[in-house]
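Numbering (our numbering), first residue to last: 162 to 959. Each residue gets a CB set at the ideal place from its N, CA and C atoms; glycine is no exception.
Structure, rendered in structure tokens:
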């Protein structure tokens with residue numbers, strides 16, 4: 162029932178309502194209704210607006226409570242309620258509809274009608290009507306669905322549903338309480354018909370979100386009978402009515418497990434099935450899945466075995482020089498896996514085990530005592546990796562900076578026992594199968610699960626005794642020094658003590674005999690004591706005091722041969738004594754020691770006196786030598802001065818002679834240069850004259866050639882004229898001949914006039930020399946016609 166708000170509550174200053182309420186007048190506007198109880202008859206009338214009614218004293222306004230199902234008294238203002246109104250695309254769920262789906266008539270008072278109590282109908286909008294007393298309504302907006310959304314619909318009235326689905330397309334079986342799923346991929350907008358109701362989820366929402374799976378994602382749907390269904394992406398997953406999404410931490414989509422060479426999954430088969438390649442698997446079988454670039458999607462027949470709350474089994478980082486003990490669960494064999502590697506144990510058969518060492522074993526191996534608290538894991542995540550990326554690609558730019566994953570490798574209680582053998586040391590590794598091997602440093606050794614180190618028990622103290630032994634597994638091969646104290650007695654019955662230091666080394670290459678003697682120190686000291694005592698017993702105390710080192714070295718190392726002692730070798734363990742040092746000699750008898758001290762003091766005093774005299778002699782000798790050296794140096798200085806003066810005079814004479822020779826050479830060179838210049842000028846002049854004569858001759862030859870050409874032309878003209886003259890009279894011919902001779906003479910005068918003048922000859926004679934082709938008969942004629950000027954050769958003949 163939709164109630165109208167009280168006018169007094171909306172406007173406390175409304176003065177027109179108070180008289181009306183006091184007069185018990187019920188005024189209803191359109192779209193308003195009110196229930197009034199007749200207290201004398203028990204009838205409830207429904208007043209529908211627009212209406213105005215004066216209520217009697219026996220009338221009481223009431224409202225219907227859907228929670229209690231009873232009519233409750235109310236103020237007149239609170240009893241006024243609005244119609245049930247649903248706009249377009251909304252619908253109303255009406256409870257207790259009237260027979261024939263009738264509604265109260267507007268503007269009048271409506272009495273009671275028969276209701277179908279317990280039934281519900283769905284009324285689609287747009288619709289608006291008043292409610293009968295006892296009816297309730299819920300107004301719900303129509304459901305808009307996207308492609309990844311769905312609705313869960315329940316059938317509450319199977320008969321109404323079957324009536325709505327009459328025809329060939331009706332579902333085969335519909336019962337009350339049956340659940341259906343309406344997917345957004347099928348309809349975009351849904352309003353349930355009568356008989357259906359949309360169920361809200363836990364948060365009161367009708368539209369539910371399906372699971373959108375991206376690539377490499379999956380989801381799990383659990384049925385009511387406990388069976389699971391796995392769906393891989395890319396897909397939009399809608400559950401069946403009896404299914405629910407499995408959620409972990411609020412997430413319903415899970416990424417596939419990306420396996421690599423350092424990660425794996427321990428899977429137990431819960432139901433028989435066959436792989437895609439046809440490989441059968443039976444119930445109870447265990448699988449360990451690992452490999453490079455393998456993507457694993459869970460399936461219904463698989464149950465993942467967790468390790469420390471984690472599904473993915475990680476490999477163990479084994480750095481270089483370290484290892485892990487791996488126990489085979491079936492055979493019980495323990496093997497050693499050495500680094501560097503990333504070891505991924507197969508949990509079906511392999512288990513990492515820890516070897517617990519006792520305090521004695523730790524001390525023997527040179528390790529620190531075991532910590533009271535467990536050591537940290539070998540691979541510990543210092544900085545967590547980045548969170549999974551946001552689902553939306555647009556959110557990538559809003560991701561905060563995430564540092565790269567960082568790992569810290571620390572001590573691991575499951576690490577194999579490692580022994581670091583320093584340089585110059587060796588250890589012997591033995592196992593329970595009595596196999597042994599010698600390892601020389603510098604080197605790191607990883608012990609197998611049943612291996613340990615051979616222990617040595619070395620005597621300590623001075624002198625060395627076996628009462629206090631030091632246990633160690635490290636044998637020093639070179640630079641090994643063993644100190645001891647030897648009690649001896651000399652040939653003259655004097656007892657003394659020698660403090661010595663032996664330098665020992667072990668020879669060979671990883672020889673197992675090195676560890677054949679557990680206490681090589683005691684063996685060395687016992688043997689060398691007897692040798693030293695025997696050798697000292699052959700000398701006196703005075704000799705021993707003077708030559709203690711030589712006596713001891715002769716006894717232990719042997720006598721010197723070719724400036725080297727052979728040394729002392731122990732065949733039992735390959736030990737060789739290379740040197741012995743005498744640190745101190747102590748005499749037990751104090752009187753003998755005092756006498757030796759006095760004798761030594763006298764000897765020292767005598768030696769000091771002699772040394773003083775020798776020092777004086779040496780000093781005087783040195784003074785005289787210096788005086789002689791001074792005199793020799795002065796003599797050498799005088800001789801050097803004379804030699805330098807003589808050398809200076811000779812050098813001056815040589816310089817003067819060289820200067821004279823240089824001047825003479827310069828004068829001779831100057832004269833030679835002058836002569837060469839004169840000869841060069843003469844040669845140049847001769848060449849110039851020769852060139853001028855050659856040019857003159859060439860000019861004469863050129864002119865002669867030109868004159869010859871001109872004479873040839875004239876002769877041709879003459880011959881032509883003669884030939885032409887033969888056709889004329891003798892007088893004309895004579896005239897023409899005369900004219901030709903004159904022209905010839907003019908040409909000769911022009912061509913040979915200058916040449917005749919240069920040679921001082923006549924023109925005709927000169928021309929005759931060059932023009933020998935002219936006939937002799939022509940010359941007299943030319944001579945007769947020549948003028949005196951032509952004979953003089955001036956070239957002016959007419």
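Alpha carbon of residue i to alpha carbon of residue j, nearest angstrom
i           : j           : result
residue 714 : residue 755 : 27 Å
residue 233 : residue 191 : 24 Å
residue 488 : residue 481 : 21 Å
residue 861 : residue 873 : 18 Å
residue 741 : residue 731 : 15 Å
residue 406 : residue 382 : 5 Å
residue 613 : residue 592 : 6 Å
residue 264 : residue 359 : 25 Å
residue 793 : residue 769 : 36 Å
residue 539 : residue 484 : Because the pLDDT of residue 539 is 45, which lies under 50, any placement of that residue in the model is unreliable, and the question is left without a value.
residue 486 : residue 420 : 24 Å
residue 259 : residue 266 : 13 Å
residue 352 : residue 301 : 9 Å
residue 182 : residue 198 : Low confidence applies here, because residue 182 scores a pLDDT of 47, under 50, leaving its location unreliable; read the following figure in that light. Each residue's Cα considered, the two are about 17 Å apart.
residue 736 : residue 667 : 5 Å
residue 557 : residue 334 : Legend: pLDDT at residue 557 = 36, less than 50; position of this residue unreliable, value from coordinates given subsequently. Whole-angstrom Cα-Cα distance: 49 Å.
residue 912 : residue 846 : 33 Å
residue 909 : residue 895 : 21 Å
residue 231 : residue 348 : 40 Å
residue 877 : residue 839 : 57 Å
residue 725 : residue 718 : 10 Å
residue 749 : residue 700 : 17 Å
residue 200 : residue 251 : 38 Å
residue 969 : residue 632 : Any answer about residue 969 is impossible in this case: the structure gives the chain only from 162 up to 959.
residue 401 : residue 515 : 51 Å
Secondary structure of residue i, DSSP reduced to three states
i           : result
residue 762 : helix
residue 673 : helix
residue 374 : strand
residue 826 : helix
residue 644 : strand
residue 423 : coil
residue 726 : coil
residue 746 : strand
residue 362 : coil
residue 335 : coil
residue 215 : strand
residue 229 : coil
residue 401 : coil
residue 537 : Its pLDDT being 44, under 50, residue 537 is placed unreliably by the model, and the measurement read from it follows with that caveat. Three-state DSSP puts residue 537 in coil, outside helix and strand.
residue 649 : strand
residue 732 : coil
Contact test: residue i Cβ vs the ligand MG heavy atom, cutoff 7 Å
i           : result
residue 337 : Absence of the ligand MG is noted for the structure shown, with no ligands found whatsoever.
Segment limits, beta strand (DSSP E) that includes residue i
i           : result
residue 405 : 404-406
residue 486 : 484-489
residue 247 : 245-247
residue 706 : Not the beta strand (DSSP E): residue 706 falls in the alpha helix (DSSP H), residues 702-707.
residue 222 : 220-226
residue 196 : 193-199
residue 283 : 281-285
residue 413 : Residue 413 -> no beta strand (DSSP E), and no H or E assigned at all.
Span of the alpha helix (DSSP H) around residue i
i           : result
residue 691 : 681-697
residue 931 : 924-931
residue 238 : 237-240
CB contact below 8 Å: residue i versus chain B
i           : result
residue 258 : Checking the listed chains, one finds no chain B in this structure; it contains a single protein chain.
Query raised in the report: Using 8 Å as the threshold, is the segment 353-368 in touch with the segment 311-319, meaning 3 or more CB pairs across them?
Result: yes
Report task. Pick out the complete beta strand (DSSP E) segments inside the segment 588-636, 3 residues or longer, and give them in chain order. Result -> 597-601, 604-607, 612-614, 617-621, 626-633
Query raised in the report: Would the segment 702-718 and the segment 619-633 be scored as touching if the rule is three or more Cβ pairs under 8 Å?
Result: no
Query raised in the report: Would the segment 341-354 and the segment 383-395 be scored as touching if the rule is three or more Cβ pairs under 8 Å?
Result: no
**Report entry** Every unbroken beta strand (DSSP E) within the segment 449-531, with a cutoff of 3 residues, ordered by chain
**Finding:** 455-457, 463-465, 473-475, 477-479, 484-489, 495-499, 502-504, 511-514
Query raised in the report: Pairing CB atoms from the segment 652-667 with CB atoms from the segment 743-761, are three or more of them under 8 Å?
Result: yes
Requested in this report: Decide if the segment 489-497 is in contact with the segment 600-612; the criterion is three or more beta carbon pairs, one per stretch, under 8 Å apart.
Outcome: yes
Query raised in the report: Is there contact here, the segment 669-686 with the segment 764-779, by at least three beta-carbon pairs under 8 Å?
Result: no
Query raised in the report: Are the segment 424-432 and the segment 396-403 touching by the rule of at least three beta carbon pairs closer than 8 Å?
Result: no
**Report entry** Inter-stretch contact (C-beta, 8 Å, three-pair minimum) for the segment 448-460 and the segment 573-581
**Finding:** no
Query raised in the report: Do the segment 434-445 and the segment 466-481 make contact, defined as three or more Cβ pairs closer than 8 Å?
Result: no
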